[in-house]
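Step one of this worksheet: look at the structure below.
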Amino acid sequence: MGRKLAATGNGRCNLSNEQAGPPHYHGGNPDFVLPALARFGVAETMDWFAGLGLAVRREEGGRIYPLTDTAASVVDVLRLAMEARGVELTCGFTVKDARREGNQFLLESTLGEDVACDRLIIACGGAAGERLGGSRAGYELLRLFGHSSTALRPSLVQLRTENTWVRPMKGVRTQARLTLEYRGLARAAGAGEGQFAEYGVTGPAVFDLSRAAADMGEGGLLVLRLLPELTERDILRYMAEKRDSFANYKAENLLTGALHNAIARTVIRRAEIPLDTRLWALSDRALEQISAVICRFELPLLGTLGFDAAQVTAGGVETVGFNPRTMASRLVHGLYACGEVLDVDGDCGGYNLQWAWSSGRMAGLAAGGLL
999 MGRKLAATGN GRCNLSNEQA GPPHYHGGNP DFVLPALARF GVAETMDWFA
1049 GLGLAVRREE GGRIYPLTDT AASVVDVLRL AMEARGVELT CGFTVKDARR
1099 EGNQFLLEST LGEDVACDRL IIACGGAAGE RLGGSRAGYE LLRLFGHSST
1149 ALRPSLVQLR TENTWVRPMK GVRTQARLTL EYRGLARAAG AGEGQFAEYG
1199 VTGPAVFDLS RAAADMGEGG LLVLRLLPEL TERDILRYMA EKRDSFANYK
1249 AENLLTGALH NAIARTVIRR AEIPLDTRLW ALSDRALEQI SAVICRFELP
1299 LLGTLGFDAA QVTAGGVETV GFNPRTMASR LVHGLYACGE VLDVDGDCGG
1349 YNLQWAWSSG RMAGLAAGGL L
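Throughout the sequence shown, residue numbering follows the numbering used here, covering 999 to 1369 in sequence.
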């Protein structure tokens, strides 16, 4: 139980965000999240977890983590709460067929076992994180009851780029402003930490652009503005002063102290300046070439990594088929759905787990006749 939950937030479990609201959610109708967040929002969720004994801490950007800094604590308090309430937990029951007969739902497992129930909540998650239990089962089960899905794409996932320039910087982190361009137009932008990898780029700022990148596919352009806190004039002044003060330094040391050495050397090479050139030999034009690379470090986009690497699924079962105040199906009485299986996905930073808590709570209360 809880394999995907235990892996969230690099094992720390970013279980919510104080800024949760429609601007941080995507899908066919981002406002679908409003009733659930209004009834069981961040404050209510944290009070509920506190009642289970979970202590939390708040960090930069409104992110909320367990005080223990480990996702296992969240899994443990949920498991103990179920045990205390006498919840029957069945593992290894893979549903191959679901149908409604009379006033009940009948579920058939791949092993031929059957379960009957009066209410059915589809909370299977999405296709992301296949190694941790992600699957398309929820979409298929809801399709059996007449619901349709939008196209599925990996989101909060690493970007694949042409790797000539990123390979020498593998493993290096940096702050940057990032823009996704397609046919000369900016399609998405963000800022924060990115990390270079063998296949392209990763990191929180990159994850927030991955939904747009998945829609764009190959043919886009990822543009990084390195040293984002400095203007182009600031960068030119910095380099000119360095040239004048350390004239006998080599070009590979021009940006030492401003950029990670691996990034600095890559920038110099990309500006077509030999690394062993003495600083006194660098013309103002050469400094402008280097500045241009810093301000616009271009990486041709090849797409994203797949669902197995993704933290969340973009797309899902169309929300028009569900009541946002109860998570109840508009097509089948007694059927509910919540969380990632629906066409709702959030930004990086705890938004997806908050949607899981809020929508799951609504579905549970409604199924139990408590709404």
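Glycine is no exception: its CB is placed at the ideal position from the N, C-alpha and C atoms. Please read all numbers here as calculations on a predicted model, not as lab measurements.
According to DSSP, which residues form a beta bridge with residue i?
| i | result |
| --- | --- |
| Tyr-1334 | Ile-1119, Ala-1326 |
| Ile-1271 | Its beta-bridge partners do not exist; DSSP assigns none. |
| Glu-1191 | Gln-1173 |
| Phe-1320 | Ser-1327 |
| Lys-1248 | Arg-1276 |
| Arg-1097 | Leu-1104 |
| Ala-1361 | Looking at the DSSP assignment, Ala-1361 forms no beta bridge with any residue, so it has no partner. |
| Ser-1147 | Val-1315 |
| Thr-1162 | Answer by DSSP bridge pairing: none, since Thr-1162 is not bridged. |
| Leu-1076 | Per DSSP, none; premise fails for Leu-1076. |
| Gly-1301 | Arg-1158 |
So for residue i, helix, strand or coil by DSSP?
| i | result |
| --- | --- |
| Asp-1112 | strand |
| Ser-1107 | strand |
| Thr-1006 | helix |
| Gln-1156 | coil |
| Glu-1296 | strand |
| Asn-1350 | helix |
| Arg-1134 | coil |
| Pro-1064 | strand |
| Lys-1168 | coil |
| Val-1342 | coil |
| Trp-1197 | Note that residue 1197 is Tyr in the sequence shown here, rather than Trp. Coil, per DSSP. |
| Tyr-1023 | strand |
| Glu-1057 | coil |
| Arg-1223 | strand |
| Ala-1184 | strand |
| Glu-1042 | helix |
| Glu-1179 | strand |
| Val-1031 | helix |
| Asn-1015 | strand |
| Leu-1085 | Before going further, note that residue 1085 is Val rather than Leu in the sequence given. Coil, per DSSP. |
| Gly-1090 | coil |
| Gly-1049 | helix |
| Leu-1234 | helix |
| Thr-1264 | helix |
| Leu-1253 | coil |
Is the beta carbon of residue i sitting closer than 8 Å to the one on residue j?
| i | j | result |
| --- | --- | --- |
| Asp-1116 | Asp-1345 | no |
| Ile-1271 | Ile-1288 | yes |
| Cys-1011 | Ala-1048 | no |
| Lys-1002 | Gly-1131 | yes |
| Thr-1264 | Met-1167 | yes |
| Ala-1018 | Gly-1039 | yes |
| Tyr-1334 | Ala-1364 | yes |
| Ala-1125 | Phe-1320 | no |
| Asp-1341 | Gly-1136 | no |
| Ala-1210 | Gly-1313 | no |
| Thr-1088 | Thr-1108 | no |
| Asp-1343 | His-1024 | yes |
| Asn-1161 | Gly-1192 | no |
| Val-1073 | Gly-1000 | yes |
Measure the alpha-carbon distance for residue i versus residue j and round it to whole angstroms.
| i | j | result |
| --- | --- | --- |
| Glu-1138 | Asp-1213 | 23 Å |
| Gly-1051 | Glu-1086 | 21 Å |
| Ala-1053 | Glu-1216 | 44 Å |
| Asp-1095 | His-1258 | 55 Å |
| Glu-1338 | Val-1164 | 32 Å |
| Leu-1013 | Leu-1225 | 31 Å |
| Phe-1030 | Pro-1322 | 6 Å |
| Cys-1336 | Glu-1099 | 23 Å |
| Glu-1081 | Gly-1060 | 31 Å |
| Glu-1316 | Val-1075 | 32 Å |
| Pro-1202 | Gly-1110 | 43 Å |
| Tyr-1236 | Ala-1307 | 40 Å |
| Val-1221 | Leu-1299 | 10 Å |
| Glu-1058 | Ser-1146 | 38 Å |
| Asn-1187 | Glu-1042 | Sequence check: residue 1187 is Ala here, not Asn. In a straight line, the C-alpha of Ala-1187 is about 32 Å away from that of Glu-1042. |
| Leu-1329 | Leu-1118 | 13 Å |
| Asp-1274 | Met-1044 | 57 Å |
Nearest CA to the CA of residue i: which residue from the options?
| i | options | result |
| --- | --- | --- |
| Gly-1348 | Phe-1320, Arg-1323, Val-1310, Val-1339 | Val-1310 |
| Leu-1178 | Val-1315, Leu-1076, Leu-1297 | Leu-1297 |
| Val-1170 | Ala-1195, Val-1155, Ser-1146, Asn-1161 | Ala-1195 |
| Pro-1021 | Leu-1032, Asn-1012, Cys-1011 | Leu-1032 |
| Thr-1200 | Glu-1227, Pro-1226, Ser-1153 | Ser-1153 |
| Leu-1219 | Ser-1133, Arg-1185, Ala-1245, Val-1155 | Arg-1185 |
| Asp-1067 | Trp-1355, Gly-1060, Arg-1056 | Arg-1056 |
| Gln-1173 | Phe-1295, Val-1073, Arg-1083, Gly-1319 | Phe-1295 |
| Gln-1102 | Ser-1357, Arg-1359, Asn-1251, Gly-1332 | Gly-1332 |
| Lys-1240 | Val-1073, Val-1318, Arg-1037, Leu-1253 | Leu-1253 |
| Ala-1245 | Ala-1279, Glu-1227, Leu-1222 | Ala-1279 |
| Ala-1284 | Thr-1324, Met-1325, Ile-1261, Ile-1233 | Ile-1233 |
| Met-1325 | Asn-1015, Leu-1035, Gly-1000 | Leu-1035 |
| Leu-1228 | Ala-1290, Ser-1357, Ala-1114 | Ala-1290 |
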